[in-house]
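A.B. asks:
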Amino acid sequence: MKLTLMVFSIGIPLAAADSCIDCHSVLEGSLQAPAKSFANDVHARFGLSCADCHGGNRSETDPEAAMSKAHGFVGKIPRTAVPDRCAHCHSDARFMEKYKPRQRVDQLAQYKTSVHGKRLASGDLKVATCIDCHSVHDIRDVKNPLSPVHPLRLPETCARCHADKAHMAGYKLTTDQFASYRKSVHWQALAERGDLSAPSCASCHGNHGAQPPGVGSVAAVCGTCHVMMEDLYKKSPHEPVFAAMGAAGCVVCHSNHEIRPPSVAMLAGPTAVCSQCHDAASAGGMAAAEMSRQITSLEKALARSDEILATAQQSGMEVSEALLRQREGRENLVKAAVAVHAFRAAAVQKPVKEGLAIAAETYQAGVGALEERRFRRLGLSVSLIVIALTLLGLRLAIRSIEGGSTKTSSIAER
Amino acid sequence: MEARRRNLIRWLLGGGFSASLASFLYPAFKFMNPPEVPEASVNEVSAGRVQDLKPNTGKIVKFGSLPVLLVRTAETEWRAFSAVCTHLNCTVQFQESSRQIWCACHNGLYNLNGQVVSGPPPHPLEPYSVHVRGDEIVISRRA
Amino acid sequence: MASTPEPSPTPGWFEERIGLRSIRAFLAHKTVPVHAGTLWYYFGGVTLFLFVIQVLTGTLLLLYYRPSAAEAYESVQFIMTRVQFGWLIRSIHSWSANLMIFSAFIHMFSVVFLRAFRRPRELTWFSGIGLLGLALAFGFSGYLLPWNTVSYFATKVGTDMAAAVPVVGRNLARFLRGGNDVGGATLTRFFGFHVAVLPGATTLLLLAHLALVQKHGMSSPQWAVDDYGRKGQPVPQMPFFPNFFLRELMAWYAALGTLGFLAAVLPWELGVKADPFAPAPAGIRPEWYFLAPFFTLKLIPSHIWVFEGELVGLLGFGLLAVWWVALPFWATDRQGHERTRWVTGAGVALLAYLASFSALGYWR
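Residue numbers (this note's numbering), protein chains in the order written: chain A, 1 to 414; chain B, 415 to 557; chain C, 558 to 921.
(1) Compare the Cα-Cα distances from residue 762(C) to each of 717(C), 837(C), 689(C) and 696(C) and report the closest residue.
(2) So, with DSSP's three-state summary, where would you put residue 537(B)?
(3) Under 8 angstroms between beta-carbons, which chain C residues line up against residue 395(A)? List them in chain order, please.
(4) Relative to the C-alpha of residue 519(B), which candidate in 255(A), 279(A), 292(A) and 228(A) has its C-alpha closest?
(5) Given a cut-off of 8 angstroms, decide if residue 682(C) and residue 670(C) are closer than it, judged by their beta-carbon atoms.
(6) Using 10 angstroms around the beta-carbon of residue 844(C), count the other beta-carbons present and answer buried if the total reaches 16, otherwise exposed.
(7) Below 8 angstroms, how does it come out for the stretch 816-836 of chain C and the stretch 708-718 of chain C: are there three or more Cβ pairs, yes or no?
(8) Cβ closer than 8 angstroms: which chain B residues qualify as neighbours of residue 331(A)?
(9) Whose Cβ in chain C lies nearer than 9 angstroms to the Cβ of residue 451(B)?
(10) Where does residue 499(B) sit, in a helix, a strand or coil, going by DSSP?
(11) Which residues of chain C have a Cβ atom closer than 7 angstroms to the Cβ of residue 390(A), listed in chain order?
(12) Whole angstroms are fine: how far does the CA of residue 538(B) sit from the CA of residue 862(C)?
(13) Could you check if residue 358(A) is buried or exposed, using at least 16 other CB atoms within 10 Å of its CB as the buried criterion?
(14) The beta strand (DSSP E) with residue 458(B) in it runs from where to where?
(15) For residue 713(C), count the other beta carbons within 10 Å of its own beta carbon; 16 or more makes it buried, fewer makes it exposed. Which is it?
(16) Nearest chain B C-beta to residue 646(C) closer than 8 angstroms, yes or no?
(17) Just list the residues that DSSP pairs residue 889(C) with in beta bridges.
(18) Write down the C-beta distance between residue 484(B) and residue 461(B) rounded to the nearest angstrom, noting that I regard them as a contact closer than 8 angstroms.
(19) Taking only three categories from DSSP, how would you classify residue 797(C)?
(20) Within the chosen definition, does the stretch 169-184 of chain A reach the stretch 225-240 of chain A through at least 3 CB pairs nearer than 8 angstroms?
(21) Terminal residues of the continuous alpha helix (DSSP H) containing residue 608(C)?
(22) May I ask you to list, following chain order, the residues of the stretch 569-596 of chain C that have a beta carbon less than 7 angstroms from some beta carbon of chain A?
(23) As a quick exercise: from 260(A), 105(A), 159(A) and 84(A), pick the residue whose alpha carbon is nearest that of residue 93(A).
(24) Opposite residue 319(A) in the DSSP bridges: which residues?
(25) By the DSSP assignment, the beta strand (DSSP E) with residue 388(B) in it spans what residues?
(26) Return the chain-ordered list of same chain residues with a C-beta closer than 7 angstroms to the C-beta of residue 650(C), the five sequence neighbours on each side being excluded.
(27) Here's the rule: buried if 16 or more other CB atoms are within 10 angstroms of the residue's CB, otherwise exposed. What is residue 807(C)?
(28) Please state whether DSSP places residue 468(B) in a helix, a strand or coil.
(29) Would you mind listing the beta strand (DSSP E) stretches within the stretch 35-63 of chain A that are 3+ residues and don't spill past its ends, in chain order?
(30) Rounded to whole angstroms, what is the Cα-Cα separation between residue 316(A) and residue 824(C)?
(31) Using the three-state DSSP reduction, which class does residue 725(C) fall into: helix, strand or coil?
(32) Could you give the first and the last residue of the continuous alpha helix (DSSP H) run that contains residue 875(C)?
(33) For residue 101(A), name the three-state secondary structure that DSSP assigns.
(34) If you run the structure through DSSP and keep just helix, strand and coil, what is residue 181(A)?
(35) Residues of chain B with CB under 8 angstroms from residue 362(A), in chain order?
(36) Which same chain residues, not among the five before or five after residue 602(C), have their C-beta less than 6 angstroms away from its C-beta?
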């Protein structure tokens, strides 16, 4: 069979005989469907066909000969055999070189280390195999937006099993991850802004080596993008404490799937995270309150400048430079939010101070713009008065020339 | 009565005409008077003196309305790029340890040709030209 | 009534060299008819006044504006923010352009409804239509100069339409754009049109237009002639100088006040610098004076019988223009009787079309 597969896998686009497709496309129901959808499959583009996975001989028109065991026909591939079947080509570097030289060939090896792979090996047929994520018979490139593993569709693909209570019964896992993730700032970036670099399930959990994360690994994952936060956190008093508790660093405050946009509400107030451990009177509690106060003061100052600049701009004043400076002010707000991860009020104070100085500057620019507006309107009023007086003078002049009346007879000359 | 009326008209008209003439000429002459900064620095910006930037360091320079990153890669080699990260518009910086351009927001990395090395940025950084005139560094837009 | 001035004992210094007495005498005798429609006679002068405003403010802007894709937007921003009273000069220039074109349309329609195009004033009508065309060209070329998103894409749409003209379309579009696409070459070219070619052509045509108006005097509509004729009187006239001129001055001052108000309270926006690589924002449309044909073309289906819809539209506009220019010829029949109802009907129809389609183009 291996020989058969090799012979038919040379990959010469055979425009000629494909008896599998020819016969099956005129059948009905589930026997017809694969033949119809194969046209969309990326393998079809490279001249591969049914026989390359299922065995058999595509050039034989007689069904018995085409689907004979002698030609290595396997028929429906059992679930436990799927990964090995795919890997037959996809783990062969020499073979894949001919089609996609830069594609990885370690997917099966990775898969075998994963929970899905290990459970499949022990006979659990409910776990995901290659075809559950990548689809079958109409497998598309990952970059194709219609592919179930395209970044925008991946979460719902994972959710097909992981959000299904019935399917997940018997495993020690919750089924709320997808619902939570959809409320997160990462999904917002992905779905609403179209930022394909934003993390989805595979970004943190891996795609083939789908390991459930332990304590150390999640903190490591967040830090691949959020470097500055991780740096500060590692030097902060929280790191050894959480590590000793066996708690997963970032997840303690930010959650793992439902990662909401951060705000001062996390530091102080009814929904605060800090107060879950720290008393208000404790050092930690006071630090949290102070950091919240600092950041709020900068937010308020920037909002005040925004307001006055918006008023100025709406009345047509040119405030583009001040608006640019506001941008720098907001950058300081971001820096302050990052500095929170040192968990010391002094660290937050530095960017807040700079931001407040910028906000004061832009506010003054707004005041200046409104002053200019007042000056222009004053100038306009003066000139309108002058014009009105001139119009009056002209009217009187006309009246006096025409003898005090504007009747036709008096102005008519002849 | 008639004389007073004619006088009033003469005053209104004369005053009105001269006032309106003045109100045209005044802004016009003020307009023609060149302002403090004689022109918008659009194509070129002075980025300080050669001595002020050490080799293998970088600094942010304001170019028109946006920041530009100036990097002195060697004694006589200068590079400049738009400092606006192509991911979410944070301001990038020169990372001396790795000799790369780094964005602190989400760990995006660019090489010294402005191309994306790793991280979320989708596009490379726009390059600018750098010339040294005497001991003055001048950054200008690429043609 | 002005008495004949006594000749001065010796001709003055200027009189001897320039000799303006004949002009002064001419002006002293120029009259304007007085009837219910006299109000409309001011609009020619108002258009001229606004044109002079354009020349003055435009010349001032020339001191700072830079006609290259890299600098145009920034130079306008510089004028608006750094140059003293730059905001005033620029906003007046932009608003006055619109008011001038609006006034020109009013002037044209009042000429139609008062029948001022009749023999022997056909050439005046032709030169006037030519001036209207030049005013629209001024508007189109000037609109691109600030080089912001709206002006860039409006120019793209406009020159695309030129390309749709049969036979000469492609070359015409290339000529306008200075290349195959709208870009820096287009900007420099439009600048050249706007400050040199068009002003030169306008000056010549304007002098011709004004000379013809002086030569033929001010016409009176037939109904006024008939009305007064029944009373056995000619149409009453008022002296141009000083009576009509003082009134004209009032109109000019009113226009000035309007411009000042608009510039101070509704300043012209700067917009966002044009980025040719960005996709066109939704709802791009040309300035209001091009909205009627623009919206008409949008409504036309892509194919009418075997012809491309756009082609049919452009052909339609061309025929409409030719027919409109030829108005003095078809307005009277061979016997010399005026086709009153036709002319009034045509004027009302065109006005209604332009007004309604401009409104539709603005709000749809």
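We put the beta carbon where it would ideally sit given N, CA and C, even for glycine.
C.D. replies: Well, looking at it:
(1) 689(C)
(2) Reduced to three states, the DSSP call for residue 537(B) is coil.
(3) 807
(4) Its Cα nearest to that of residue 519(B), the residue 228(A) stands out among 255(A), 279(A), 292(A) and 228(A).
(5) no
(6) buried
(7) yes
(8) 504 and 505
(9) 635 and 639
(10) coil
(11) 810
(12) Roughly 50 angstroms between the two C-alpha positions.
(13) buried
(14) 458-463
(15) buried
(16) yes
(17) 895(C)
(18) 5 angstroms
(19) helix
(20) no
(21) 600-619
(22) For the stretch 569-596 of chain C, which is checked against every Cβ of chain A, the residues closer than 7 angstroms are 588 and 591.
(23) 105(A)
(24) Answer by DSSP bridge pairing: none, since residue 319(A) is not bridged.
(25) Residue 388(B) is absent from the structure shown; chain B starts at 415 and stops at 557.
(26) The residues are 611, 614, 615 and 618.
(27) buried
(28) coil
(29) Segments of the beta strand (DSSP E) lying fully in the stretch 35-63 of chain A: there are none.
(30) 6 angstroms
(31) coil
(32) Residues 866-882.
(33) coil
(34) In the three-state DSSP reduction, residue 181(A) falls in the helix class (H, G or I).
(35) Under the 8 angstroms cutoff, chain B gives no residues; its nearest Cβ is about 15 angstroms from residue 362(A).
(36) 805
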